[in-house]
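Here is the structure we will look at.
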Amino acid sequence: MSKLPQWSRSLDAAFGPPKPGQYRAKPEDFLVDEQLDFTPEAHGEHLWLRLEKRNQTTLEMVKSISRICGVTLRDIGYSGMKDRIAVTRQWLSVHLPGREAPDELETLLDALGIKVLEKVRHPRKLKRGVHRTNAFTLRLSGEAVQADDFVRRWQALCEQGVPNYFGPQRFGPDGRNLQRAEALLARGWRKRDDRQGMMLSTARSFLFNELLSARLADGTWNQPIAGDILMLDGTQSVFGIDIVDEGLVARAAELDVHPTGVLWGVGDGAQGEAGAYETQLARQHPALCEGLEKSAVKRARRALRMRLTMPQLTWEADAVLLSFALPRGSFATAVIGELIRHPDMA
Numbered sequence: 001m002s003k004l005p006q007w008s009r010s011l012d013a014a015f016g017p018p019k020p021g022q023y024r025a026k027p028e029d030f031l032v033d034e035q036l037d038f039t040p041e042a043h044g045e046h047l048w049l050r051l052e053k054r055n056q057t058t059l060e061m062v063k064s065i066s067r068i069c070g071v072t073l074r075d076i077g078y079s080g081m082k083d084r085i086a087v088t089r090q091w092l093s094v095h096l097p098g099r100e101a102p103d104e105l106e107t108l109l110d111a112l113g114i115k116v117l118e119k120v121r122h123p124r125k126l127k128r129g130v131h132r133t134n135a136f137t138l139r140l141s142g143e144a145v146q147a148d149d150f151v152r153r154w155q156a157l158c159e160q161g162v163p164n165y166f167g168p169q170r171f172g173p174d175g176r177n178l179q180r181a182e183a184l185l186a187r188g189w190r191k192r193d194d195r196q197g198m199m200l201s202t203a204r205s206f207l208f209n210e211l212l213s214a215r216l217a218d219g220t221w222n223q224p225i226a227g228d229i230l231m232l233d234g235t236q237s238v239f240g241i242d243i244v245d246e247g248l249v250a251r252a253a254e255l256d257v258h259p260t261g262v263l264w265g266v267g268d269g270a271q272g273e274a275g276a277y278e279t280q281l282a283r284q285h286p287a288l289c290e291g292l293e294k295s296a297v298k299r300a301r302r303a304l305r306m307r308l309t310m311p312q313l314t315w316e317a318d319a320v321l322l323s324f325a326l327p328r329g330s331f332a333t334a335v336i337g338e339l340i341r342h343p344d345m346a
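Take 1 as the starting number for the sequence shown in full-length UniProt numbering and just add one per residue.
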C-alpha cells in the first residue's frame with residue numbers, strides 16, 4: 001500500500017470537511033504531560049525521573065540517559081512514547097541498585113534539551129502503558145480557527161466524543177511503517193526482525209482504523225449494535241452484548257460505554273452485526289490478518305470512541321489554545337484532524 005486512505009470523520013455530515021489550519025508550527029505549540037495515577041514510593045533500586053524534553057523522541061532521550069548513567073537500554077523503563085515535535089513531560093526509570101546517578105546528570109541532560117523536573121526512588125521498573133492519561137495543550141491557527149463553525153465543531157467533539165483513530169505518526173512518513181509491516185508479515189513475522197513489536201502494532205492499528213472508518217460511515221461508531229463488545233469509559237473493562245436495549249443506548253449517549261474494535265490477532269472476535277465488520281475486514285485485508293494470526297499475537301480490543309476530559313478553549317490573538325486529557329494510547333492528532341485540514345492528516 002503506497003498511501004494511507006482518507007478515513008471517515010465524525011463531523012463531516014454536520015459541518016462538512018474542516019478548513020485548512022496549522023498546528024505544531026513550533027514544539028511549544030504541542031504540549032503533552034503524562035499523568036500517573038500513583039506516587040512513587042521514595043525508596044528502591046530504580047531511580048524515577050520526571051523529564052521534560054523538546055524536539056526529540058522518547059527513544060532518543062532513553063539512549064542519552066543510558067549513555068550518561070552507564071546502563072543498558074533494558075535498564076530503563078518508560079510508560080509511553082511521546083511526540084518528537086513537541087514539549088513533553090513523562091516519567092522514566094533507571095535501574096541503579098546500590099548507587100546514585102552521576103552528579104552531572106542534570107547538567108548533561110539540560111545541554112541536550114532535557115530538563116529533570118523530579119527525582120524519586122521506587123522499588124520497580126516503570127513498565128509500558130501504566131500511565132492513566134495524557135494532558136494536552138495545543139495551539140491551532142489558520143482559516144479553520146477563524147471559521148464561524150469552529151467553536152461548534154469543538155463543542156460537538158466535547159459532547160459526542162472523538163473517533164479513537166491511531167494517529168498518522170503510527171504509520172510513519174508516507175505510510176512507510178505500514179509498508180514495512182506488510183513486507184514483514186508476508187515473509188513471516190519473527191521477533192528478531194521486530195524487537196519492539198512496532199510492525200505488529202502498525203498492522204493492527206491500520207486494521208483498527210479501517211474498521212472504525214467503516215462504522216463511522218455507517219453511523220454506528222458511537223452507539224452499540226448487536227454482538228458488540230463494549231468498553232467502560234476510563235477503563236479497559238469490556239463486556240459483550242447480544243442485543244441492544246434502551247439502557248445501553250442511554251449509557252452510550254452519556255459516554256459511559258463505548259463500542260470497541262478489534263486489534264487483530266488470534267482469538268475470538270465480536271458476534272452478530274458487530275462481527276460482520278470484522279469478517280469484512282478479513283476479506284478486505286487477508287494478507288495482514290493472516291500474517292498477524294501466524295505471528296500468534298492475541299486479539300485485543302480498543303474503544304472506537306474517546307472522551308475529552310477537562311476540555312477547555314482559550315482564544316489567543318489569531319490562534320486558539322485547546323486543553324484536554326485523553327486515555328493512554330489515544331492520539332491528539334485524531335482530535336486535530338476533526339477540526340482542521342492539514343497535510344499531516346491527509
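Even glycine gets a Cβ: it sits at the ideal position worked out from N, Cα and C. Predicted, not measured: the structure shown is a model, and the values here were computed from it.
Which listed residue (the options) has its alpha carbon closest to that of residue i
i	options	result
cysteine 69	Leu51, Arg99, Thr88 and Val87	Arg99
glycine 167	Gly329, Arg190, Val249 and Arg132	Gly329
aspartate 268	Leu200, Thr279 and Arg187	Thr279
glycine 261	Ser323, Arg301, Ile340 and Val162	Arg301
arginine 257	Gln90, Leu263 and Gln236	Reading the sequence as shown, one finds valine at residue 257 and not arginine. With distances taken between Cα atoms, valine 257 lies closest to Gln236.
histidine 131	Gly80, Ala226, Pro102 and Ala296	Gly80
tryptophan 154	Ala14, Leu4, Pro5 and Gln6	Ala14
alanine 252	Ala276, Ala135, Ala274 and Trp221	Trp221
serine 295	Leu11, Leu308 and Arg192	Arg192
isoleucine 225	Asp242, Ala217 and Ser8	Asp242
phenylalanine 324	Phe331, Met310 and Thr333	Met310
serine 8	Met198, Met61 and Phe208	Phe208
glutamate 28	Phe331, Leu138, Gly234 and Val116	Leu138
arginine 74	Arg299, Asn164, Arg195 and Glu254	Arg195
tryptophan 91	Leu51, Glu273 and Val244	Leu51
glutamate 106	Lys53, Val87 and Gly234	Lys53
threonine 88	Ile114, Leu108, Glu104 and Ser64	Ile114
7 Å CB neighbourhood of residue i in its chain, flanking five on each side removed
i	result
serine 141	Gly21, Gln22, Asp318 and Ala319
glutamate 293	Gly265 and Val266
valine 120	Pro40, Ala42 and Trp48
Residue interval of the beta strand (DSSP E) (run including residue i)
i	result
threonine 137	133-141
arginine 301	300-303
arginine 50	46-54
leucine 92	87-95
Helix, strand or coil at residue i [DSSP, three-state]
i	result
methionine 81	coil
proline 224	coil
tyrosine 165	coil
arginine 9	coil
threonine 39	coil
glycine 261	strand
isoleucine 241	coil
threonine 235	coil
threonine 309	strand
arginine 124	coil
asparagine 20	For clarity, residue 20 is proline in the given sequence; the question names asparagine instead. Reduced to three states, the DSSP call for proline 20 is strand.
residue 347	This structure cannot settle anything about residue 347, because the visible part of the chain is limited to 1 through 346.
leucine 4	coil
alanine 319	strand
valine 116	strand
residue 376	Since the displayed the chain opens at 1 and closes at 346, residue 376 lies outside it and no answer follows.
isoleucine 68	helix
valine 297	coil
leucine 341	Per the sequence shown, the amino acid found at residue 341 is arginine instead of leucine. It is a strand residue.
valine 130	coil
threonine 202	helix
threonine 57	coil
Neighbourhood of residue i by C-beta distance below 6 Å, restricted to the same chain and skipping five residues each side
i	result
alanine 282	Cys289
tryptophan 315	none
serine 205	Phe166 and Arg170
glycine 337	Met345
valine 335	Val162
threonine 57	Arg84
arginine 24	Phe30 and Ile85
glycine 240	Ile229
Where the alpha helix (DSSP H) through residue i begins and ends
i	result
aspartate 193	No alpha helix (DSSP H) contains aspartate 193, which DSSP labels as neither H nor E.
glutamate 273	272-284
phenylalanine 331	Segment: none, phenylalanine 331 is in no alpha helix (DSSP H) and carries neither H nor E.
alanine 253	246-253
phenylalanine 171	Neither: phenylalanine 171 is in no alpha helix (DSSP H) and is coded neither H nor E.
glutamate 28	No alpha helix (DSSP H) holds glutamate 28; DSSP gives it neither H nor E.
threonine 107	105-111
valine 151	150-160
residue 361	What the structure shows of the chain is the stretch from 1 to 346, and residue 361 is not part of that stretch, so it cannot be assessed.
Contacts around residue i, its chain only, beta-carbon distance under 8 Å, and the 5 residues preceding and following it disregarded
i	result
proline 123	Glu41, His43, Gly44, Glu45 and His46
arginine 341	Pro17, Pro18, Lys19, Pro20, Gly21 and Ala144
leucine 178	Met1, Leu4, Phe171, Gly172, Thr202, Ala203 and Phe206
glutamine 284	Glu210
phenylalanine 150	Ala144, Val320 and Leu339
valine 238	Ile229, Leu230, Met231, Leu232, Thr260 and Arg301
Do the stretch 240-259 and the stretch 225-232 make contact, defined as three or more Cβ pairs closer than 8 Å? Counting C-beta pairs with one atom in each stretch, the stretch 240-259 and the stretch 225-232 have three or more that are closer than 8 Å, which means they touch.
Determine contact between the stretch 210-228 and the stretch 303-315, defined as no fewer than three beta-carbon pairs at a distance below 8 Å. The stretch 210-228 and the stretch 303-315 touch, with no fewer than 3 CB-CB distances between them shorter than 8 Å.
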